[in-house]
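Q:
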Amino acid sequence: ESYPLYFYLNYQWLSLHLDQDKQIQDYLSNSKQSLYTRKLRRKWLNYLYKQGKWDVFVANYKRSKSKQMQCRYNWAEYQRNYKTKALTATQKIWLTGSSLPKDCDRLLEKFTQSSFLTQKLIWQRFMLAVKGRQYSLATYLSKKLTNAQTRKNSEAWLRLVKKPELIYKTDFFQGLSNSGQAENGCLCHEEANFRRCGACDGIMGGAKVII
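Read in order, the letters of the sequence shown are residues 426 to 636 in our numbering.
In structure tokens, the structure reads:
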């Protein structure tokens with residue numbers, strides 16, 4: 426073990442023998458955090474996930490900012506029958522203005538079929554997608570809104586980002602109303618005059634958003 430290359434050679438060997446759970450766990454626990462420990466853990470977790478070794482995966486998962494890893498972790502928890510925990514955590518993953526990684530698909534399928542996905546969450550993600558200029562995603566989410574008035578509001582937002590001059594047409598806002606979403610508001614596009622945003626107060630919630 427005192428051999429200078431021992432740590433690296435051990436990493437190389439374990440990378441080729443990812444089924445050696447005990448030896449990998451010992452390596453990770455006895456070694457200081459380094460590039461090699463991080464790389465080995467990443468390779469090992471990827472192997473465990475693909476092999477469906479859920480208990481070992483969850484036990485050795487480290488909290489990550491990666492949406493892919495978050496989805497993998499919660500899918501593993503779902504497979505371990507911690508469904509409520511997994512779907513509750515997925516609510517936070519859901520709230521992003523961009524598309525989620527492919528590894529989230531199976532988890533999202535269960536999530537979208539459950540009561541954990543509410544209309545409020547759909548609306549919130551719609552707003553995040555609009556603010557992030559992810560209009561294809563926003564259009565998809567708009568179609569998931571079941572309340573007729575809320576969907577009408579979302580469609581108005583989509584028309585407005587495509588044609589910001591509509592903000593000057595008072596008849597554009599006829600039939601639109603605040604349907605209970607706190608995030609509703611007048612969308613002020615870069616090409617529009619910000620001072621005109623006040624004209625939308627009370628119609629779609631009064632929030633002033635510049636994107």
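Built from N, CA and C at the ideal position, the CB exists for glycine as well.
These figures come from a predicted structure and were not determined experimentally.
Quick check on A501: buried or exposed, where buried means 16 or more other Cβ atoms within 10 Å of its Cβ?
A: The sequence position of residue 501 within the sequence shown is 76, counting from 1. Buried is the call here.
Q: What's the gap between the Cα of T462 and the Cα of I449?
A: Sequence index remark: in the sequence shown, residue 462 carries index 37 (1-based). Sequence index remark: in the sequence shown, residue 449 carries index 24 (1-based). Going from the Cα of T462 to the Cα of I449 covers about 10 angstroms.
Q: Check whether the stretch 501-520 and the stretch 533-544 are in contact - that is, three or more C-beta pairs closer than 8 angstroms.
A: Short answer: they touch.
Q: Skipping 5 residues on each side, what residues in its chain have a beta carbon closer than 8 angstroms to that of L465?
A: Numbered from its first residue, the sequence shown carries residue 465 at position 40. Answer for L465: Y436, L439, S440, I449, Y452 and L453, listed in chain order.
Q: Should A563 go down as buried or exposed, given a rule of 16 or more other Cβ atoms within 10 Å for buried?
A: Along the sequence shown, one-based indexing puts residue 563 at 138. Classification for A563: buried.
Q: Please list the terminal residues of the continuous alpha helix (DSSP H) segment that includes I592.
A: Against the sequence shown, residue 592 aligns to sequence position 167. Here I592 belongs to no alpha helix (DSSP H), and DSSP marks it neither H nor E.
Q: Does A554 pass the burial test, meaning 16 or more other C-beta atoms within 10 Å, or should it be called exposed?
A: Taking the sequence shown and counting its residues from 1, the one referred to as residue 554 is at position 129. The residue in question, A554, is buried, as its Cβ has 16 or more Cβ neighbours within 10 Å.
Q: Does the stretch 525-533 come into contact with the stretch 547-561, if we say contact requires no fewer than three beta-carbon pairs (one atom in each stretch) closer than 8 angstroms?
A: Because the criterion of three Cβ pairs below 8 angstroms is not met, the stretch 525-533 and the stretch 547-561 do not touch.
Q: Are the beta-carbon atoms belonging to L512 and L546 less than 9 angstroms from one another?
A: Residue numbering aside, residue 512 sits at position 87 when the sequence shown is read from its first letter. Residue numbering aside, residue 546 sits at position 121 when the sequence shown is read from its first letter. No. Outside cutoff.
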